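There are 2 protein chains.
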Amino acid sequence: MRFVETIEKKKAGKALSKAEINHWIQGYCNGEIPDYQVSALCMAICFQGMNSQETAWLCEAMLYSGEQLDLSCIDGCICDKHSTGGVGDKTSLALAPMVAACGCKIAKMSGRGLGHTGGTLDKLESITSFRIVQNEQDFIRQVNEINLAIIGQSDRLVPADCLLYALRDVSGTVDSIPLIASSIMAKKLASGADTILLDVKYGEGAFMPTAEKAEELANAMIAIGRHFHKDTRAMITNMDQPLGMAIGNALEVKEAVATLQGRGPHDFTRLCIEAGSIMLMQAKQADNKQTAQAMLQEVIANGKVQFTRDYTR
Amino acid sequence: MRFVETIEKKKAGKALSKAEINHWIQGYCNGEIPDYQVSALCMAICFQGMNSQETAWLCEAMLYSGEQLDLSCIDGCICDKHSTGGVGDKTSLALAPMVAACGCKIAKMSGRGLGHTGGTLDKLESITSFRIVQNEQDFIRQVNEINLAIIGQSDRLVPADCLLYALRDVSGTVDSIPLIASSIMAKKLASGADTILLDVKYGEGAFMPTAEKAEELANAMIAIGRHFHKDTRAMITNMDQPLGMAIGNALEVKEAVATLQGRGPHDFTRLCIEAGSIMLMQAKQADNKQTAQAMLQEVIANGKVQFTRDYTR
């Protein structure tokens, strides 16, 4: 298989076969296919797109390029969520404890900031002496004990995405729906959750400029979820304004804690309740949105979801 | 200047500035800009194109990436021609002696075959003990003595094109009009001729599929010629059938010699007379096409253009 023919096929607007996509990802990971061919293919994909079948195969090839987290010793439904992110997006910090307090298992793999906004790990580490869980045994034990743990991304998971993302970043090929969708979903699938909720943001402060583009990305990811038989749902939310009032890692932690105490900004609280209610329904902890929302409001009101230390001081 | 911004600008369909194009070519030649960024840019150019100003700047940047042949010690108008090539295209072998016999100076730099057809050098070397002119002094002396010499392409001329062509070949980015036009014209301009005739072929046996595409390429090259104040003209010719009857280096030499003896195939002879008459007008050896054609027919008829040895045996 000559890889230049795969590039030319995509350039001509044709769909790639599963064999061609596997050859691309395996060949790139083992060094047989050079960067300059992959960047040309990614650029062709930016212009010609990929259909949902190709996108699912690309995600599958990336997923199987590395290990997958085995969470089978965690009892119950393991819920994950992903936000495409934006300024002031501290959703995981408040949402994860809320849904964990309602009985969901949250075994979450989080990243660091890629752009100008910090990632969840950066925000958590702004807490003095906070220690991110380092190994899988501690991670699984903590989820079984308190329903919630966050671990840093491992190099052993989805190594193809690490390579591909670094190349896309310097070759002007980041903003392609199938490339973004397969990258996000490969990481979500590798981290072993049973259900996935996607918060796809659009607007001036988000990566997707319009609600239509955000919906297109959401649909591409839901189609991948369907390919892997995972309950995958999405919210399309606006990001013309920063989320909440606080921007900056430490300030965002304070705002998340305040939200768990019922004193959070209206927009951020509403987003957490909305997302949390979908997660509770995915985990079958609630039959409908009203019940789910009431459960989340209850854990805030009764203090079940308080941090053990007061980080708001 | 961050090169990824140049890639993204072209991807978005915007025109690049002269500074951006110079940065690209200089940076690529000196190793500061990596292959994987250049291949992504070339792919974006395949989709978004370049306007005539950008194409001229690209050609200029490539031309000045190396040396230019100094032919100032040759008296008279130095004519060059270029064919986009195809199966059976041995035009240079017959055309160059014909126009040289009519008083034009032909100081031609020729290449070897890139694809399945041989280049002019390959064809000439099928003649037993034929020696391609090796150095510039011999080359210039021979042009002054017999009006005609052919030299092999030098690595010192247009090194940017050597790099870029090799990359385009393996990254599926060959078929872009501005990239082809600037590549051909940079080599023609570097080889120092006063006038340039382009034979742009279309059809099943040619690189350009249709007459419209061939005309587009011809216009792009003529615009570059205008930018450099060089008399540049083009013919658009069909290549649905191989040119002449002979295919294969040695057979093509025989057919070219037969053509110079007035025994060539009709289509090939007509093409040589047509191209030759334009070259004679460019060199101001003839005022009009009728006179030029008569001059060419005369040198064939009176044997002025015979090879010194009979290669047709």
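Taken in order, these protein sequences are the chains called D and F. Residue numbers for the first sequence follow my numbering, beginning at 1 and rising by one. Residue numbers for the second sequence follow my numbering, beginning at 1 and rising by one. From the three backbone atoms N, C-alpha and C, an ideal C-beta is built for every residue, glycine too. Computed from a prediction, not measured in an experiment: that's the story for all the values here.
Exposed or buried, residue i, counting other C-beta atoms within 10 Å across all chains shown (16 or more means buried)?
| i | result |
| --- | --- |
| Ala-12(F) | exposed |
| Arg-313(F) | Confidence in Arg-313(F) is poor, its pLDDT being 44 and thus under 50, which makes the residue's placement unreliable; the coordinate value appears in the next sentence. Flag for Arg-313(F) reads exposed. |
| Lys-14(F) | exposed |
| Cys-79(F) | buried |
| Thr-117(F) | buried |
| Asp-310(F) | Note that Asp-310(F) scores 48 on pLDDT, short of 50, meaning its location in the model is unreliable and no value can be drawn from it. |
| Asn-147(F) | buried |
| Pro-97(F) | buried |
| Glu-8(D) | buried |
| Asp-70(F) | exposed |
| Cys-104(D) | buried |
| Phe-268(D) | buried |
| Thr-237(F) | buried |
| Gln-282(F) | buried |
| Gln-137(D) | exposed |
| Arg-168(D) | buried |
| Glu-32(F) | exposed |
| Ala-214(D) | buried |
| Ser-72(F) | exposed |
| Ser-129(F) | exposed |
| Lys-188(F) | buried |
Could you round the C-beta distance between residue i and residue j to whole angstroms and report it? I think they count as a contact, below 8 Å.
| i | j | result |
| --- | --- | --- |
| Ala-190(D) | Val-170(D) | Contact flag wrong, Cβ pair sits at about 24 Å. |
| Ser-182(F) | Met-62(F) | 6 Å |
| Met-235(F) | Asp-199(F) | 5 Å |
| Met-239(D) | Tyr-202(D) | 6 Å |
| Gly-111(F) | Leu-124(F) | Not confirmed; about 12 Å, so no contact. |
| Gln-153(F) | Met-109(F) | 6 Å |
| Tyr-36(F) | Tyr-165(D) | Actually they do not touch by this definition, with Cβ atoms about 13 Å apart. |
| Lys-230(D) | Cys-77(D) | No, Lys-230(D) and Cys-77(D) are not in contact; Cβ-Cβ is about 12 Å, not under 8 Å. |
| Phe-47(F) | Phe-228(D) | Not a contact, Cβ separation roughly 32 Å. |
Heavy atom of the ligand HEM less than 7 Å from the Cβ of residue i, yes or no?
| i | result |
| --- | --- |
| Arg-168(D) | The ligand HEM is not part of this structure, which contains no ligands at all. |
Looking only at its own chain, which residues have a Cβ that is under 7 Å from the Cβ of residue i, when we skip the five neighbours before and after it?
| i | result |
| --- | --- |
| Phe-139(D) | Ala-107, Val-133, Ala-149, Ile-151 |
| Pro-242(F) | Val-87, Gly-88, Gly-205 |
| Thr-259(F) | Ala-94, Phe-268, Thr-269, Cys-272 |
| Gly-303(D) | none |
| Ile-74(D) | Lys-105, Ala-107, Ile-140, Val-143, Asn-144 |
| Leu-280(F) | Val-99, Cys-102, Cys-104, Ala-286, Ala-292, Met-295 |
| Gly-119(D) | Ser-110, Gly-111, Arg-112, Gly-113 |
| Ile-29(D) | The identity of residue 29(D) in the sequence shown is Cys, whereas the question assumes Ile. Counting only Cβ-Cβ distances below 7 Å, and skipping sequence neighbours, we find Ser-65, Pro-159, Ala-160, Leu-163. |
Within the same chain, show all residues whose beta-carbon is closer than 8 Å to that of residue i, passing over the 5 residues directly before and after it, in chain order.
| i | result |
| --- | --- |
| Gly-49(D) | Ser-176, Ile-177, Pro-178 |
| Ile-45(F) | Lys-10, Thr-173, Ser-176, Pro-178, Leu-179 |
| Ala-275(D) | Lys-81, Thr-91, Leu-95, Leu-197, Asp-199, Met-235 |
| Ile-222(D) | Leu-198, Thr-232, Arg-233, Ala-234 |
| Leu-217(F) | Thr-84, Ile-177, Ile-180, Ala-181, Val-200, Met-208 |
| Arg-226(D) | Thr-232 |
| Ile-247(F) | Val-87, Gly-88 |
| Gly-192(D) | Gln-68, Leu-69, Asp-70, Leu-71, Ile-78, Ala-107 |
Who are the Cβ neighbours of residue i in its own chain at under 6 Å, not counting the five residues just before and after it?
| i | result |
| --- | --- |
| Pro-34(F) | none |
| Arg-156(D) | Gly-66, Glu-67 |
| Leu-58(D) | Ile-21, Ser-182 |
| Val-305(F) | Pro-97, Met-98, Ala-101, Leu-260, Val-299 |
| Gly-262(D) | Ile-300 |
| Ile-278(D) | Leu-197, Arg-233 |
So which residues of chain C does residue i contact, with C-beta pairs closer than 9 Å?
| i | result |
| --- | --- |
| Tyr-36(D) | The question asks about chain C, but that chain is absent: this structure's protein chains are D and F. |
Could you tell me whether the region 3 to 12 of chain F touches the region 38 to 54 of chain F, where touching means 3 or more Cβ pairs closer than 8 Å?
yes
So does the region 49 to 67 of chain D actually touch the region 14 to 24 of chain D, counting three or more Cβ pairs closer than 8 Å?
yes
Does the pairing of the region 79 to 92 of chain F with the region 289 to 297 of chain F give three or more beta-carbon distances under 8 Å?
no
Taking contact to mean at least 3 C-beta pairs separated by less than 8 Å, is the region 18 to 32 of chain F in contact with the region 159 to 167 of chain F?
yes
What residue ranges within the region 171 to 220 of chain D form continuous beta strand (DSSP E) runs of no fewer than 3 residues, ordered along the chain?
195 to 202
Could I get the ranges of all uninterrupted beta strand (DSSP E) runs contained in the region 263 to 311 of chain F, with 3 residues as the minimum, in chain order?
none
Could you name each continuous alpha helix (DSSP H) segment of 4 residues or more that falls completely within the region 68 to 131 of chain F, going from the start of the chain to the end?
91 to 101, 120 to 124
Examine the Cβ distances between the region 209 to 229 of chain F and the region 247 to 260 of chain F and report whether three or more of them are shorter than 8 Å.
no
Alpha helix (DSSP H) runs contained entirely in the region 33 to 63 of chain D, provided each spans 4 or more residues
35 to 48, 52 to 63
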